[in-house]
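Peer 1: The structure follows.
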Amino acid sequence: MADTDASNNQRIRQVVLAIPAGQVATYGTIAEKAGLGRAARRVGHALHKLPADTRIPWHRVVNAQGHLSLPKNSDAHATQRERLKLEGIEFSVNDKIDLRRYGW
DNA sequence: GTTATGACGCCGT
DNA sequence: AACGGCGCCATAA
């Protein structure tokens, strides 16, 4: 496998797809699972570039703080939150997810 | 070509 | 707990 950007991107997608429903993974974890080391940022960008019709469950990706990274006023943020809730993930009053419970 | 920014994380203070 | 600095890497300007 060539270490091209495309293959890296594909590895990221693969890892995200492997996240079990009802659980969430952090960017850092995904980066490590994808063999990208500590390039957590790389994961964020890969997801941001995903098309709207993607089948990737990007909503299961949150940051290490346990909350959604997208801007609060953004649609994506609301969508993500809604989907996670549908999967049985609960948010605290501070819009935070308990990673110790839902973390992959 | 270089510089700045970002869906991030870790560590030190 | 909060804030700043550094690393890491892709994309935009």
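Under my numbering, the final residue of the first sequence carries the number 574; numbering is consecutive throughout. Here a beta-carbon is modelled for each residue, glycine too, at the ideal position from N, C-alpha and C.
Would you tell me roughly how many angstroms separate the C-alpha atoms of A548 and K542, rounded to the nearest one?
Peer 2: If I take the Cα positions, the gap works out to 8 Å.
Peer 1: With A495 and R525 assumed to form a contact (beta carbons below 8 Å), what rounded beta-carbon distance in angstroms separates them?
Peer 2: R525 and A495 do not touch by the CB rule: their CB atoms are close to 17 Å apart, not below 8 Å.
Peer 1: If you run the structure through DSSP and keep just helix, strand and coil, what is G576?
Peer 2: This structure leaves residue 576 out entirely; the chain is present only between 471 and 574.
Peer 1: Using 8 Å as the threshold, is the C-beta distance between R483 and G505 below it?
Peer 2: no
Peer 1: What residues in its chain sit with their C-beta under 8 Å from that of G514, if we drop five residues either side in the sequence?
Peer 2: Y497 and S539
Peer 1: How far does the alpha helix (DSSP H) with I482 in it reach, from first residue to last?
Peer 2: D475 to L487
Peer 1: Enumerate in chain order the residues of its own chain whose CB-to-CB distance from Y572 is below 6 Å, with the five nearest sequence positions on each side excluded.
Peer 2: Correct list, in chain order: Q493, V494 and I559.
Peer 1: In this structure, how does DSSP classify A504 when only helix, strand and coil are distinguished?
Peer 2: coil
Peer 1: Does Q535 pass the burial test, meaning 16 or more other C-beta atoms within 10 Å, or should it be called exposed?
Peer 2: With fewer than 16 other Cβ atoms within 10 Å, it is exposed.
Peer 1: Could you give the distance in angstroms between the alpha-carbon of R553 and the alpha-carbon of A546?
Peer 2: 10 Å
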